[in-house]
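J.: Sharing a structure, written as structure tokens. Questions coming.
Residue numbers (the numbering used here): 53 to 829.
Here's what the structure looks like:
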């Protein structure tokens, strides 16, 4: 080599080193930069290193001769879609194809339904070869050039697939495809007896109210007692239709809980269907959805969303929750209330209502993987006071409000909450911590699973995950002693609250760490050692957290304990989320636990057993069990895992089966028989789409091709005209003989109708003072 060539080589090397130093500086600076500055840095990096070796390798191209490989860490030059949350910005199936797809709707990458879809697709695509390399993947950046590279890489990945991915509707265990019609033949003013009504109310208040306080417990309970007392005394009482709708929704939710508890008292068959029909007729008919919203309409819509959640109609629940939040925003519940004429008790009640809506919206959005309708930048409602509502009888508590931030947000730069004065354990502090946890969950959904993520680098996503885990740790450190589930606690007073928080905590932590649970080692070329260690550590955290969900369940599984103590309405999704994570790790040959991979199988066994036990009277658990067990059998066969005990139990259930149609013939309470089922028999009977009911024709409007929000029977009678106490629509409770006053509609009673508690009393009366008191609440 000549002296001139040697000198030129030295100069080129020096220039490369300078260029590399500048690139590394900009890359480090980008982590803490604003969104606007990040875009500027991305554009600059695109111009400086348009054909950098690492960027080229992410598209499967060899770097140019003479270029020095490994100049930039691979994690900084590859899109964040290399993680398990890949392709968050696309729809890869026709959601309009048929009624199953429409009922399921779009399911985002943060949903465990998509995770189950992924593990099933991986089984089919790799044919048992878990070491097959995925790729290629495009670079980060918001420029057209970066976007086109990502599209090019995605197209190459699609070409490598052996078959089209399974539809999301084939991997959902929810019941949205089933019909849940409003029975217009029921008497909307029929009510259960006083004894049964108190039982249903207690089921609701004891298990739902603290976690979902959309009602004022004191006010509603007082109105309930006064109403039924007047009925038993034969005096007159008039209630608005909307209040009766709320009452029936409370009964519907309470009835569903009592059925899951296998309570020894019976009302009428699937009674929760009756109550929800009455509620919709009373509160959601006519122009109610397009009328100016009020507080009771918001409560009705939110309670109906909760009801649909509890019975497994998750798509309907998410849609209705969005409507309830629109109503809440229209009423200003999302901003701080400084009205001097409003009492501190009423203000705090509205605060509780807002955070109840926010928390349920967050849970539903995470389950279906869709955006939340709440924009936190527009919200200023303070967090709940660390006081029970019953402690707000005097204005002294108003000073506590000034101690809290006027903005209900969590920021990384916030002071260490563990250094503050310990909070008392009560309904207020419980809801406050549930709301804070929901905020972290929503931040995870936005920063890890939104469509914008594909424009960020994997290094950016690692920083987001680290920040979210730090926030989760701060949250756990701030828990009041009575709500702290990290330490042994014999305080039975807050056992329910601790289990609800712990379950929600597990779901949130799995959601945060899930992007790292994949074969990242085979997807990122020239990855730094620190990045590889972070990926493996976070994946282990994800799997360990899933195992925590298994450990949370009693060794001798007791459904009564779980339904009485935990968040029974979301227990199956929580169990399935943890189970799918463990199945994913098993499908990766337990690569993140090479030294003790066999330890995952006991947790899988326990969760499978849990679902099978719950499935005796829980159709969501039944479908979840069938799907999960089929996946487990395939993985066990591939990895030579011994699950003979689980297969024997499943086979035994098949041999004992007394029903030929597991969807349409559930066990009746009168016969005392349990529906027996087998995952294998179920799959053989219905095939690949056997997870869905095939009798939901009435749910869809065949003329328009979409599923209406509220489903009525095909032949809808005109609105029934019942005797009312006033022209304003206050409803009265008619006696049995008053059924003939129906002017329109079907006057015949159905087997859903119950005994009227005032059948032998005079039902027509007025209570104007009570009405005025109610409207002032």
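For every residue, glycine included, the Cβ atom is placed at its ideal position computed from N, Cα and C. All values derive from a computational prediction rather than experimental measurement.
(1) What ranges does the beta strand (DSSP E) occupy inside the stretch 604-633, keeping only unbroken runs of at least 3 residues that lie completely in it?
(2) Would you mind stating whether residue 483 and residue 265 have Cβ atoms separated by less than 8 Å?
(3) Please name the residue, chosen from 495, 404, 379 and 400, that lies closest to residue 429 on a Cα-to-Cα basis.
(4) Could you compute how far the alpha carbon of residue 571 sits from the alpha carbon of residue 499?
(5) With a threshold of 8 Å, are at least 3 pairs of Cβ atoms found where one atom belongs to the stretch 588-604 and the other to the stretch 277-296?
(6) Please classify residue 391 as buried or exposed, where buried requires at least 16 other C-beta atoms within 10 Å of its C-beta.
(7) Rounded C-beta distance between residue 189 and residue 124? I'm assuming under 8 Å.
(8) Which parts of the stretch 281-321 are runs of the alpha helix (DSSP H), unbroken and 4 residues or longer, counting only runs that do not cross its ends?
(9) In terms of residue numbering, what span does the alpha helix (DSSP H) encompassing residue 410 cover?
(10) Between the C-alpha atoms of residue 218 and residue 384, what's the straight-line distance to the nearest angstrom?
(11) Quick one: what's got a C-beta closer than 6 Å to residue 82's C-beta in the same chain, skipping five residues either side?
(12) Is the distance from the Cβ of residue 340 to the Cβ of residue 349 below 8 Å?
(13) Tell me the rounded alpha-carbon separation between residue 734 and residue 553.
(14) Distance check for residue 622 and residue 366, CA to CA, integer angstroms please.
(15) In whole angstroms, what separates the C-alpha of residue 164 from that of residue 629?
(16) Does the separation of the CB atoms of residue 528 and residue 538 fall below 8 Å?
(17) Along the chain, where does the alpha helix (DSSP H) that runs through residue 485 open and close?
(18) What are the partner residues of residue 509, as DSSP defines its beta bridges?
(19) Is it right to say residue 300 is buried, meaning 16 or more other beta carbons lie within 10 angstroms of its own, or is it exposed?
(20) Using a Cβ distance threshold of 8 Å, determine whether the stretch 168-177 contacts the stretch 679-692, with at least three qualifying pairs required.
(21) Quick check: the Cα distance between residue 122 and residue 515, rounded to an integer number of angstroms?
(22) For residue 350, report the span of its alpha helix (DSSP H) as first-last.
(23) If contacts are defined as beta-carbon pairs under 8 Å, then residue 660 and residue 687 qualify, I think. What distance do you get, rounded to the angstrom?
(24) Looking at residue 534: is its Cβ nearer than 8 Å to the Cβ of residue 477?
(25) Just the Cα atoms here: how many angstroms apart are residue 634 and residue 597?
(26) Taking the continuous alpha helix (DSSP H) assigned at residue 259, which residues delimit it?
(27) Would you mind working out which of 557, 233 and 541 sits nearest residue 526, comparing C-alpha positions?
(28) Is the stretch 369-383 touching the stretch 420-434, taking contact as three or more C-beta pairs under 8 Å?
(29) Just to confirm the assignment: which complete alpha helix (DSSP H) runs, minimum length 4, are found wholly within the stretch 547-610?
(30) Check whether the Cβ atoms of residue 354 and residue 409 lie closer than 8 Å to each other.
(31) Should residue 497 go down as buried or exposed, given a rule of 16 or more other Cβ atoms within 10 Å for buried?
(32) Pair every Cβ in the stretch 577-589 with every Cβ in the stretch 188-204, then say whether three or more of these pairs are closer than 8 Å.
(33) Determine whether the beta carbon atoms of residue 566 and residue 626 lie at a separation below 8 Å.
(34) Alpha carbon to alpha carbon, how far is residue 694 from residue 568? Give it in angstroms, no decimals.
(35) Since residue 267 contacts residue 328 with CB under 8 Å, what's their CB separation in whole angstroms?
(36) Can you give me the start and stop residues for the alpha helix (DSSP H) that residue 331 sits inside?
T.: To lay it out plainly:
(1) You should have found no qualifying run.
(2) Working through the chain shown from its first residue, we reach residue 483 at position 431. Working through the chain shown from its first residue, we reach residue 265 at position 213. Going by C-beta atoms, residue 483 is nearer than 8 Å to residue 265.
(3) Translated into positions along the chain shown, residue 429 becomes position 377. That would be 495, whose Cα lies nearest to the Cα of residue 429.
(4) Counted from its first residue, the chain shown places residue 571 at position 519. Counted from its first residue, the chain shown places residue 499 at position 447. CA-CA distance, residue 571 to residue 499, rounds to 21 Å.
(5) With the cut-off at 8 Å, the stretch 588-604 and the stretch 277-296 do not touch.
(6) For this step, residue 391 is matched to residue 339 along the chain shown. Residue 391 comes out exposed.
(7) Position 137 of the chain shown, counted from the start, is the residue given in the question as residue 189. Position 72 of the chain shown, counted from the start, is the residue given in the question as residue 124. Not confirmed; about 15 Å, so no contact.
(8) Listed in chain order, they are 293-312.
(9) For the purposes of this step, residue 410 is taken as the residue at position 358 of the chain shown. Taken as a continuous stretch (DSSP letters only), the alpha helix (DSSP H) holding residue 410 covers 396-420.
(10) Here residue 218 refers to the residue found at position 166 of the chain shown. Here residue 384 refers to the residue found at position 332 of the chain shown. Here the alpha carbons of residue 384 and residue 218 stand approximately 43 Å from one another.
(11) Walking along the chain shown from the start, residue 82 turns up at place 30. Taken in chain order, the residues that qualify are 90 and 93.
(12) In the chain shown, residue 340 corresponds to position 288, counting from 1. In the chain shown, residue 349 corresponds to position 297, counting from 1. Contact flag set, yes.
(13) By 1-based counting over the chain shown, the position of residue 734 is 682. By 1-based counting over the chain shown, the position of residue 553 is 501. Bear in mind that the predicted position of residue 734 carries a pLDDT of just 43, short of 50, making it unreliable; the figure below should be weighed with that in mind. Residue 734 and residue 553 have their C-alpha atoms roughly 35 Å apart.
(14) Translated into the one-based positions of the chain shown, residue 366 becomes position 314. Translated into the one-based positions of the chain shown, residue 622 becomes position 570. Distance from the CA atom of residue 366 to the CA atom of residue 622, rounded to whole angstroms, is 10 Å.
(15) Within the chain shown, residue 164 is the residue found at index 112, counting from 1. Within the chain shown, residue 629 is the residue found at index 577, counting from 1. Residue 629 has its alpha-carbon roughly 5 Å from the corresponding atom of residue 164.
(16) Taking the chain shown and counting its residues from 1, the one referred to as residue 528 is at position 476. Taking the chain shown and counting its residues from 1, the one referred to as residue 538 is at position 486. Yes, the pair counts as a contact, with Cβ atoms nearer than the cut-off.
(17) Taking the first residue of the chain shown as position 1, residue 485 is located at position 433. 479-501 is the span of the alpha helix (DSSP H), which, as asked, contains residue 485.
(18) Position 457 of the chain shown, counted from the first residue, corresponds to residue 509. According to DSSP, residue 509 bridges with 131.
(19) Walking along the chain shown from the start, residue 300 turns up at place 248. Flag for residue 300 reads buried.
(20) Taking one beta carbon from each stretch, the stretch 168-177 and the stretch 679-692 have 3 or more pairs nearer than 8 Å; the two touch.
(21) Reading the chain shown from its first residue, position 70 is the one you call residue 122. Reading the chain shown from its first residue, position 463 is the one you call residue 515. Annotation note: pLDDT 44 at residue 122 (below 50); position unreliable, coordinate value reported separately. Approximately 21 Å, taken between the alpha carbons.
(22) Along the chain shown, read from residue 1 onward, the residue named residue 350 stands at position 298. DSSP places residue 350 inside the alpha helix (DSSP H), whose first and last residues are 347-362.
(23) Mapped onto the chain shown, residue 660 falls at position 608. Mapped onto the chain shown, residue 687 falls at position 635. Not confirmed; about 12 Å, so no contact.
(24) Along the chain shown, read from residue 1 onward, the residue named residue 534 stands at position 482. Along the chain shown, read from residue 1 onward, the residue named residue 477 stands at position 425. For residue 534 and residue 477, yes; Cβs fall inside 8 Å.
(25) Sequence index remark: in the chain shown, residue 634 carries index 582 (1-based). Sequence index remark: in the chain shown, residue 597 carries index 545 (1-based). Distance from the CA atom of residue 634 to the CA atom of residue 597, rounded to whole angstroms, is 10 Å.
(26) Locating residue 259 in the chain shown gives position 207, counting from the first residue. Per DSSP, the continuous alpha helix (DSSP H) segment holding residue 259 begins and ends at 246-259.
(27) In the chain shown, counting from the first residue as 1, residue 526 sits at position 474. For the residues 557, 233 and 541, the minimum Cα distance to residue 526 belongs to 557.
(28) These segments touch.
(29) Runs of the alpha helix (DSSP H) inside the stretch 547-610: 547-565 and 581-604.
(30) In the chain shown, residue 354 corresponds to position 302, counting from 1. In the chain shown, residue 409 corresponds to position 357, counting from 1. Note that the C-beta distance between residue 354 and residue 409 is below 8 Å.
(31) Your numbering for residue 497 matches position 445 in the chain shown. When all chains shown are included, residue 497 counts as buried.
(32) Contact between the stretch 577-589 and the stretch 188-204 is absent: fewer than three C-beta pairs spanning the two stretches fall below 8 Å.
(33) Taking the first residue of the chain shown as 1, we reach residue 566 at position 514. Taking the first residue of the chain shown as 1, we reach residue 626 at position 574. Here residue 566 is not near residue 626, since their CB atoms are 8 Å or more apart.
(34) Working through the chain shown from its first residue, we reach residue 568 at position 516. Working through the chain shown from its first residue, we reach residue 694 at position 642. Going from the Cα of residue 568 to the Cα of residue 694 covers about 28 Å.
(35) Looking up residue 267 in the chain shown gives position 215. Looking up residue 328 in the chain shown gives position 276. Your pair residue 267 and residue 328 does not check out as a contact, with CB atoms roughly 17 Å apart and the cut at 8 Å.
(36) Working through the chain shown from its first residue, we reach residue 331 at position 279. Counting along the chain, residue 331 sits inside the alpha helix (DSSP H) bounded by residues 323-335.
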